[in-house]
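Novice:
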Amino acid sequence: DSGVTQTPKHLITATGQRVTLRCSPRSGDLSVYWYQQSLDQGLQFLIQYYNGEERAKGNILERFSAQQFPDLHSELNLSSLELGDSALYFCASSVAGVNPQETQYFGPGTRLLVL
Amino acid sequence: QKEVEQDPGPLSVPEGAIVSLNCTYSNSAFQYFMWYRQYSRKGPELLMYTYSSGNKEDGRFTAQVDKSSKYISLFIRDSQPSDSATYLCAMSAPSNTGGFKTIFGAGTRLFVKA
Chain A
234 DSGVTQTPKH LITATGQRVT LRCSPRSGDL SVYWYQQSLD QGLQFLIQYY
284 NGEERAKGNI LERFSAQQFP DLHSELNLSS LELGDSALYF CASSVAGVNP
334 QETQYFGPGT RLLVL
Chain B
3 QKEVEQDPGP LSVPEGAIVS LNCTYSNSAF QYFMWYRQYS RKGPELLMYT
53 YSSGNKEDGR FTAQVDKSSK YISLFIRDSQ PSDSATYLCA MSAPSNTGGF
103 KTIFGAGTRL FVKA
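The listed protein sequences correspond, in order, to chains A and B.
The numbering of the first sequence is this note's numbering, which starts it at 234 and goes up by one.
The numbering of the second sequence is this note's numbering, which starts it at 3 and goes up by one.
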């Protein structure tokens, strides 16, 4: 158990809908990362937050947005969902998120299925 | 062309074999190189990281980085059935906002047969 929690574990929804994925980092970790893992694209970095501020951005679509709240939990919002958004979404956390060699601890993931 | 290339396998070896996993990359900005292990239905976990060219050893695992060739490797000695998992290479480069972005390889599925 990494100490990172993600809810829900599974989500089934329809095209065009909007969903919110939630992540609680490990106690004491200030940085949160979101990743998308699909069969054809592999594990892709979406976005990083540090203490409530956006720190780095990867291949995150404009239909997707994220935020980190004062209690350090984070939410990833996916809107106007398409079939291709079906994937496993991981959240990870690290102590500070300043140095790449910091260990990122991954949560168990949320499996999203868009029908 | 992808920034990081990794053969997805699968790679099947007998117990006790030496396993060699590799990745190539194209972006010279990558400074940190990591290997993650992911068991089925679990999140990835960091195995090893290296900075700059050279070798790093941790128990049965050795990570190698050759920046001149843009090539990284992970060797597993005396492989065990419990090593059966997907191994992802990852590389990080600084972003212009103070953080960094990490690019993962596609992952190589490894099966170690008892």
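Even for Gly, the Cβ is constructed at its ideal location relative to N, Cα and C.
As the structure is a prediction and not an experimental result, all values here were calculated from the model.
Using a Cβ distance threshold of 8 Å, determine whether the region 3-12 of chain B contacts the region 52-70 of chain B, with at least three qualifying pairs required.
Specialist: Taking 8 Å as the limit for Cβ pairs, the verdict is that the region 52-70 of chain B does not touch the region 3-12 of chain B.
Novice: Starting from Gly-275(A) and walking both ways along the beta strand (DSSP E), at which residues does that stretch end?
Specialist: Counting along the chain, the beta strand (DSSP E) containing Gly-275(A) begins and ends at 275-283.
Novice: Do we get a CB-CB distance below 7 Å when we pair Ala-289(A) with the residues of chain B?
Specialist: So yes, Ala-289(A) belongs to the interface.
Novice: For the candidate residues Asp-304(A), Glu-315(A), Val-265(A), His-306(A), whose alpha-carbon lies nearest to that of Arg-296(A)?
Specialist: Here the closest residue by C-alpha is Glu-315(A).
Novice: Can a CB atom of chain B be found closer than 7 Å to the CB of Pro-241(A)?
Specialist: Chain B contact via Cβ: absent.
Novice: In chain A, which residues lie with their C-beta within 8 Å of the C-beta of Gln-82(B)?
Specialist: In chain order: nothing, as chain A lies at least about 22 Å away.
Novice: Counting only Cβ pairs nearer than 7 Å, list the residues of chain B close to Thr-238(A).
Specialist: Near Thr-238(A) there are no residues of chain B at all, since even the closest Cβ is about 11 Å away, more than 7 Å.
Novice: Three or more C-beta pairs closer than 8 Å, one from the region 257-271 of chain A and one from the region 302-320 of chain A: is that the case here?
Specialist: Flag = yes, the region 257-271 of chain A and the region 302-320 of chain A touch.
Novice: Are the Cβ atoms of Ala-289(A) and Phe-102(B) separated by less than 7 Å?
Specialist: The answer is yes: Cβ separation under 7 Å.
Novice: Taking 8 Å as the limit between beta carbons, can you name the residues of its chain near Arg-83(B), skipping five residues before and five after?
Specialist: Here the sequence assigns Pro to residue 83(B), which means Arg is not the residue at that position. The residues are Glu-17, Val-114, Lys-115, Ala-116.
Novice: Which same chain residues end up closer than 7 Å to Ser-313(A) when comparing Cβ atoms and leaving out the 5 residues on each side of it in sequence?
Specialist: Result list for Ser-313(A): Gly-249, Arg-296, in chain order.
Novice: Is there a Cβ of chain B sitting closer than 7 Å to that of Thr-336(A), yes or no?
Specialist: Judged by the 7 Å Cβ criterion, Thr-336(A) is in contact with chain B.
Novice: Just how far apart, CA to CA, sit Arg-108(B) and Thr-26(B)?
Specialist: Note that residue 108(B) corresponds to Ala in the displayed sequence, not to Arg. So the alpha carbons of these two residues sit roughly 11 Å apart.
Novice: For Ser-28(B), does the count of other Cβ atoms within 10 angstroms reach 16, so buried, or fall short, so exposed?
Specialist: Result: exposed.
Novice: At least one CB of chain B closer than 7 Å to the CB of Phe-297(A): is that the case?
Specialist: Taking Cβ atoms only, chain B never reaches closer than 7 Å to Phe-297(A), which makes this a no.
Novice: Along the chain, where does the beta strand (DSSP E) containing Gly-56(B) start, and where does it finish?
Specialist: Taken as a continuous stretch (DSSP letters only), the beta strand (DSSP E) holding Gly-56(B) covers 56-60.
Novice: Given Asn-284(A), which residues of its chain have a CB within under 6 Å of its CB, disregarding the five upstream and five downstream residues?
Specialist: Excluding residues within five positions, the ones whose Cβ falls inside 6 Å are Leu-263.
Novice: Am I right that Leu-90(B) and Gln-40(B) are in contact with their C-beta atoms under 8 Å? What's the rounded C-beta distance?
Specialist: The Cβ separation is near 6 Å, so the contact holds.
Novice: Please identify the residue among Cys-256(A), Val-252(A), Pro-241(A) whose C-alpha is closest to the C-alpha of Asp-304(A).
Specialist: Of the listed residues, the one whose Cα sits closest to Asp-304(A) is Cys-256(A).
Novice: Does Ala-65(B) have its Cβ less than 7 Å from a Cβ in chain A?
Specialist: Chain A contact via Cβ: absent.
Novice: Give a yes or no on whether 7 Å exceeds the smallest Cβ distance from Pro-46(B) to chain A.
Specialist: Chain A contact via Cβ: present.
Novice: In chain A, what lies closer than 9 Å to Tyr-53(B) by C-beta?
Specialist: What Tyr-53(B) touches in chain A: Pro-333, Gln-334.
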